[in-house]
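Taking our numbering, I'd label the letters of the sequence shown as residues 21 to 353.
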Amino acid sequence: LPDIGIFFNQDVALALTMVKAVKAAGARYLKGEILHDAEICLKTDLTEQYLGDDAQPVRENYRQLIERKTLPLSHYEKIFAPCQTLGMGLVLSVYDQGGADFGKQIGACALKIASTNVVHAPLIRYCAGLDLPLIIDTGKASLDETIRAMQWARDAGAKRLILEYSPPAPPAPVSQHNLRVFDQLANMFDGPIGLSDHHAEEEMLYAATALGYRVLEKGLCADNSRGDQDVFHALPIAMLADVIRKCRNIHAALGDASAAYIPPATRPAARMGIVARRDLACGDVIDIKTVRFAFPTLGIAVEEWDKINQLRLTTAVAAGQPIEWCHVTPATA
21 LPDIGIFFNQ DVALALTMVK AVKAAGARYL KGEILHDAEI CLKTDLTEQY
71 LGDDAQPVRE NYRQLIERKT LPLSHYEKIF APCQTLGMGL VLSVYDQGGA
121 DFGKQIGACA LKIASTNVVH APLIRYCAGL DLPLIIDTGK ASLDETIRAM
171 QWARDAGAKR LILEYSPPAP PAPVSQHNLR VFDQLANMFD GPIGLSDHHA
221 EEEMLYAATA LGYRVLEKGL CADNSRGDQD VFHALPIAML ADVIRKCRNI
271 HAALGDASAA YIPPATRPAA RMGIVARRDL ACGDVIDIKT VRFAFPTLGI
321 AVEEWDKINQ LRLTTAVAAG QPIEWCHVTP ATA
């Protein structure tokens, strides 16, 4: 899920360019969000901290940050309208019932509960009742909070739930990603497990693909983005096509375990057979000193060694010639 989020701030033209770039990169889905009402954040001294271009913390008044990123619903409708004509599924994070209704109205194929709202029972229940697949981001949540949020959604009628694991963003070290939690979550929850990736680069997407995560979400920013919320760990659009290609290759390579050891239709050409090391006479003993091994197999295959080791030849065999079953005791063949 390439997530353009609100990385475009209030620049609708940039947002439209990003939507088209996501399609051009080969993505099947676009992730966005509906931030249309600044009143979800009170006017207080609360600050949001994120990393700037120099990896140093930047603090910004949270309400002011929200205000500079909020757009009316009509603008979001314009931004996401191309998804239908481009053939991309649209997944939207929503923060209130109005945003959820709007998302369904414009054709979103799934809604997402952001990590901050994993404790928001009214919103979870409302979205669960809209008969759309629902992603619940569990970043910064305890396991008990995660279980509770999933239960709220199920009890409210959600039939298609995706639990999204969300490791901490930088400056947290990669050792805190704990991607192996996938097995625990997969055993606990009957449904797909996703990853909301906040690593500064893209390799966690590859690791998650190999581990079996079914949904991969990564923030996506314009190539020239600088010093804004979450940009430090977002993926520049120019890298998207390559990342998608690699993730799909990794997923395809996982394949089917039951097909891993199907015997080849023909013997591999470089498998070896047994060959006379020197001119051998009738009655000579076959052992490691009298024979050698070479490919292709023109006589007895090397895997039959235990059957002929220490047997005697019934006929002479010239140096370099394959040892055949007719050269040894007939009962051995």
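All C-beta atoms in this analysis are idealised placements derived from N, C-alpha and C, irrespective of residue type, glycine included.
Asked: Range covered by the beta strand (DSSP E) that runs through residue 243; Found: That residue, residue 243, is in no beta strand (DSSP E); it is neither H nor E in DSSP.
Asked: Stretch pair the segment 234-252 + the segment 72-91: three plus CB contacts closer than 8 Å; Found: yes
Asked: The beta strand (DSSP E) enclosing residue 22, as first and last residue numbers; Found: 22-25
Asked: For residue 81, the three-state DSSP class (helix, strand or coil); Found: strand
Asked: Other residues of its chain near residue 307: CB distance less than 7 Å, five sequence neighbours each side excluded; Found: 329, 330
Asked: From 341, 258, 53, residue whose alpha carbon lies closest to that of residue 297; Found: 341
Asked: Burial state of residue 83, where buried means 16 or more other Cβ atoms lie within 10 Å; Found: buried
Asked: Per-residue DSSP class, three states only, for residue 347; Found: helix
Asked: Limits of the beta strand (DSSP E) - the one that residue 51 falls within; Found: 49-54
Asked: Status (buried if at least 16 other CB within 10 Å, exposed otherwise) for residue 353; Found: With a pLDDT of 44 at residue 353, under the threshold of 50, the modelled position of this residue cannot be trusted, and the question is left open.
Asked: Proximity winner among 302, 100, 316, relative to residue 346 (alpha-carbon distances); Found: 302
Asked: Nearest to residue 170 (by Cα), restricted to the options 192, 193, 143; Found: 143
Asked: Touching by the beta-carbon criterion (3+ pairs, under 8 Å), the segment 127-138 and the segment 81-95; Found: no
Asked: Rounded straight-line distance, which links the Cα of residue 286 to that of residue 37; Found: 52 Å
Asked: Cβ shell of residue 211 (< 7 Å), same chain only, five flanking positions each side left out; Found: 181, 182, 183
Asked: Cutoff 7 Å; reference residue 106; Cβ partners in own chain excluding five residues on either side; Found: 43
Asked: Per-residue DSSP class, three states only, for residue 145; Found: helix
Asked: Boundaries (first-last residue) of the beta strand (DSSP E) holding residue 67; Found: 67-71
Asked: Rounded separation between residue 114 and residue 177 - CA only; Found: 18 Å
Asked: Alpha-carbon to alpha-carbon, residue 198 and residue 281; Found: 31 Å
Asked: Minimum C-alpha distance to residue 290 - residue among 23, 277, 274, 322; Found: 322
Asked: Beta-carbon proximity check, residue 222 vs residue 263, cutoff 8 Å; Found: yes
Asked: Endpoints, alpha helix (DSSP H) assigned at residue 266; Found: 257-274
Asked: Cβ pair residue 123, residue 112 closer than 8 Å; Found: yes
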